[in-house]
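In the numbering used here, the protein residues as written are 39 to 310.
Don't be surprised by glycine CBs; every beta carbon is placed ideally from N, CA and C.
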Amino acid sequence: MNKTTLIIGKNGKTGRRVDNLMQNAGHITQAVSRSTTLSFDWLKPEGWPKAMAGCDSAYVCFQPDLAVPFAKAAITEFIKQAKLAGIQHIVLLSGRGEEGAQQAEQIVVSSGLKWNVVRASWFAQNFSEGFLIDGILNNQVALPAGDIPEPFIDTDDIADVVFACLTKPELANQLFEVTGPEVLTFRDCVEIIADVSQRPIEFTPISAEQFLQSLKQQNMPEEVLWLMNELFTVVMDGRNSQVINGVEKALGRPATSFREYALKTAASGVWR
Ligand SMILES: NC(=O)c1ccc[n+]([C@@H]2O[C@H](COP(=O)([O-])OP(=O)(O)OC[C@H]3O[C@@H](n4cnc5c(N)ncnc54)[C@H](OP(=O)(O)O)[C@@H]3O)[C@@H](O)[C@H]2O)c1
């Protein structure tokens, strides 16, 4: 029987990369999101059985973030349906220092299924594929991030770790906490991007209130405002300012530095 891996988040920062790695290695995938023909929406559990049908493993990338209050119920329901569908192995993408993420991890770890948790720090790709790219392109990044440093991780590294979890049985039932190899402030990151892309990008520290106000003016939905407030006020207190060697533990090689990420991203042309 063919083995098929369900990949949630086909066009997302990690799902796309995991799907490419799996397909290039000859594995069969069912990669889904709300916009795929076979659609998967975290808000519509009645549609999940169709997406899960025929799959024996799953890469689970929750939206918008495991910190949101409905995540616990959604992950509980996902595991219930996964068991009914015959899925035997779950690889969960998790976040650091969030109560909701810890609850979701616990649900997966105690599910009775084969599991992996890939617990990731802030993605470097937020600057090139996420909410910070507009600021980079406008040469002006304004954030309430203060001087709290983060070990930003390259999502190529996350995808490599997820791919290893999905394809190497000896890695089963382990947590990999994955971070970049050094801690940097958001200002440091912007300076590195300015340097490698030869652009005069400025970093401006602003208050959380100013930040939320600017998001409101961009008509961001309420849940995004809630999440950004949570990430930049509650979670951004230094609790995650620690480098952890999950990439090395899973892959036997060091994590990619932010400068390496910035160099390859600048070369791709997305910041031009
Ligand atoms: N970004 C970070 O720094 C970071 C750090 C640690 C952990 N994480 C975790 O990584 C995960 C992905 O976060 P991300 O912000 O980077 O997003 P992402 O993986 O880039 O995914 C974005 C995609 O999610 C899909 N999506 C949106 N709402 C959905 C829904 N209700 N149901 C199904 N798919 C939906 C959208 O595709 P469609 O429009 O096609 O549905 C969108 O293209 C989250 O669980 C987050 O907690 C993120």
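Whole angstroms is fine: what's the gap from residue i's alpha carbon to residue j's?
| i | j | result |
| --- | --- | --- |
| Ile196 | Val285 | 8 angstroms |
| Asn58 | Cys93 | 17 angstroms |
| Thr43 | Leu204 | 8 angstroms |
| Ser166 | Ala305 | 12 angstroms |
| Gly133 | Thr303 | 23 angstroms |
| Ala112 | Asp275 | 27 angstroms |
| Gly124 | Asn176 | 48 angstroms |
| Val281 | Pro102 | 24 angstroms |
| Asn257 | Arg277 | 30 angstroms |
| Ile46 | Ser159 | 19 angstroms |
| Gly168 | Arg291 | 26 angstroms |
| Lys51 | Leu104 | 16 angstroms |
| Gln141 | Lys82 | 21 angstroms |
| Leu76 | Glu84 | 13 angstroms |
| Asn49 | Gln144 | 27 angstroms |
| Lys287 | Asp198 | 12 angstroms |
| Leu296 | Ile171 | Correcting the residue identity first, residue 296 is Phe in this sequence and not Leu. Answer to the nearest angstrom: the Cα atoms are 15 angstroms apart. |
| Ala96 | Glu247 | 39 angstroms |
DSSP on residue i, reduced to helix/strand/coil?
| i | result |
| --- | --- |
| Glu143 | helix |
| Phe249 | helix |
| Phe78 | coil |
| Val129 | strand |
| Ala96 | strand |
| Val281 | coil |
| Ala288 | helix |
| Ala162 | helix |
| Leu104 | coil |
| Glu208 | helix |
| Glu137 | helix |
Along the chain, where does the beta strand (DSSP E) that runs through residue i open and close?
| i | result |
| --- | --- |
| Arg157 | 152 to 158 |
| Glu260 | Unbroken run through Glu260 is the alpha helix (DSSP H), 260 to 267; no beta strand (DSSP E). |
| Leu181 | 178 to 181 |
| Gln68 | 66 to 70 |
| Leu44 | 42 to 46 |
Looking at the secondary structure, which residues open and close the alpha helix (DSSP H) in which residue i lies?
| i | result |
| --- | --- |
| Ser306 | 296 to 306 |
| Phe201 | 193 to 205 |
| Pro243 | Careful: Pro243 lies outside any alpha helix (DSSP H), inside the beta strand (DSSP E) at 240 to 243. |
| Val228 | 224 to 235 |
| Thr114 | 109 to 123 |
| Ala89 | 86 to 90 |
| Val273 | Counting along the chain, Val273 falls outside any alpha helix (DSSP H), and DSSP gives it neither H nor E. |
| Gln61 | 53 to 62 |
| Leu175 | 171 to 175 |
Going by the beta-carbon positions, is the gap between residue i and residue j smaller than 8 angstroms?
| i | j | result |
| --- | --- | --- |
| Ile174 | Ile231 | yes |
| Gly150 | Val106 | no |
| Val98 | Phe116 | yes |
| Phe190 | Cys227 | yes |
| Val156 | Leu131 | yes |
| Ala91 | Val70 | no |
| Val56 | Val216 | no |
| Leu222 | Pro259 | no |
| Pro207 | Ala293 | no |
| Phe249 | Met266 | yes |
| Gly135 | Val273 | yes |
Quick test of your reading: residue i and residue j, contact by CB under 8 angstroms. State the CB separation rounded to the nearest angstrom.
| i | j | result |
| --- | --- | --- |
| Gln68 | Asn154 | With a Cβ gap of about 18 angstroms, Gln68 and Asn154 do not count as contacting. |
| Pro119 | Trp86 | It is Gln, not Pro, that sits at residue 119 in the sequence shown. Yes, Gln119 and Trp86 are in contact; Cβ-Cβ is about 5 angstroms, under 8 angstroms. |
| Gln163 | Thr193 | 5 angstroms |
| Ser181 | Phe214 | Inspection of the sequence shows that residue 181 is occupied by Leu rather than by Ser. Between Phe214 and Leu181 the Cβ distance is about 28 angstroms, and since that is not below 8 angstroms, they are no contact. |
| Ala210 | Lys152 | 5 angstroms |
| Val179 | Ile128 | That belief does not hold up - the Cβ atoms of Val179 and Ile128 are roughly 36 angstroms apart, past 8 angstroms. |
Closer than 7 angstroms to a non-hydrogen atom of ligand 2 - does that hold for the CB of residue i?
| i | result |
| --- | --- |
| Gln101 | Ligand 2 is absent from the structure shown, which contains only ligand 1. |
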